Amino acid sequence: MFKVILTLMAFLAFTALKAQQDIEKIAEQLAQEQLDAYNARDIEAFIIPYAEDVKVFNFPDQLLYQGRDEMYGLYGRMFSRTPELHCKLVNRMVMGNTVIDQEEVTLRKGEPPMRAIAIYKISDGKIAEVYFIRDE
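Below, the structure written as structure tokens:
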């Protein structure tokens with residue numbers, strides 16, 4: 007009986023670990039998809055990883071805007087106005103449904119990059135919340 011319980015406990019621990027790894031893999035894929043589209047300045051591809059009602063904040067809790075339609079307008083204008091726009095991923099951490107990216111964003115060549123941290127919270131297979139911390 008002890009061996010059966012021990013085997014069951016090991017199976018449950020493995021299953022929980024696998025589920026956690028799957029969640030983290032999806033979260034990282036979504037963050038990478040939007041980063042790749044950002045650097046390509048492809049607004050259509052950029053908004054795909056986001057939830058319809060995505061909320062974007064200045065960290066910790068200042069709501070900047072909500073919704074993919076609003077995001078589409080803001081980023082669409084930025085992409086068209088900044089042909090040299092590029093985001094360099096400096097560091098990425100993933101834990102559960104949260105991805106934290108340290109970034110350097112170049113708006114124009116020859117200008118120093120803006121340093122920022124983006125925190126992506128994933129829910130139901132989409133980026134549901136984004137929190138920005140900017141170096142001021």
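Residue numbers (our numbering): 7 to 142.
Glycine included, every Cβ here is placed at the ideal spot set by N, Cα and C.
It should be emphasised that the depicted structure is a prediction, and the values quoted were computed from it without experimental measurement.
For Arg-114, same chain residues with a beta-carbon under 6 Å away, outside a window of 5 residues either side, are Glu-90 in chain order.
Taking every protein chain shown into account, the CB of Leu-69 has fewer than 16 other CB atoms within 10 angstroms, so this residue is exposed. If you compare the alpha carbons of Ile-139, Val-136, Arg-140, Ile-128 with that of Asp-28, the shortest gap goes to Ile-128. In this structure, the alpha-carbon of Gln-35 lies about 22 Å from that of Arg-121. Within the region 64-119, the complete alpha helix (DSSP H) segments at least 4 residues long are 74-87, listed from N- to C-terminus. Assigned with DSSP and collapsed to three states, Ile-54 falls in coil, not helix or strand.
Between Ala-51 and Ala-134, the gap from beta carbon to beta carbon reaches 8 Å or more. A Cβ-Cβ separation of about 7 Å places Phe-63 in contact with Val-136 under the 8 Å criterion.
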